[in-house]
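See below for the structure under consideration.
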Amino acid sequence: MKTESEHSSEEILQVRSIYPSGCRFHTRCPRREEICMIAKPKLVEIEGKHHAACHFI
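This is the structure:
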């Protein structure tokens, strides 16, 4: 088992993610429609500092 100091000296590699076109969640959203696969939804303020991006909000 590695000690904490051994872990902190390891190089951290970034993994690039490939997002689908349109909404990032359309591949796993039960409410998805055709627009979700084409257009990225705008981020809107729901309440206070809570924001969401969905075509159906």
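In the working numbering, the protein residues as written are -12 to 44. Don't be surprised by glycine CBs; every beta carbon is placed ideally from N, CA and C. Note that the structure is predicted; figures quoted are calculated from it, not measured.
(1) Kindly indicate the opening and closing residues of the beta strand (DSSP E) around I33.
(2) Taking 9 Å as the cut-off, decide whether the C-beta atoms of R18 and F43 are in contact.
(3) Along the chain, where does the alpha helix (DSSP H) containing C23 start, and where does it finish?
(4) Once DSSP output is grouped into helix, strand and coil, what is the label at H13?
(5) Which two residues bound the contiguous beta strand (DSSP E) that contains H38?
This is what the structure holds:
(1) 30 to 34
(2) yes
(3) 21 to 25
(4) coil
(5) 37 to 40
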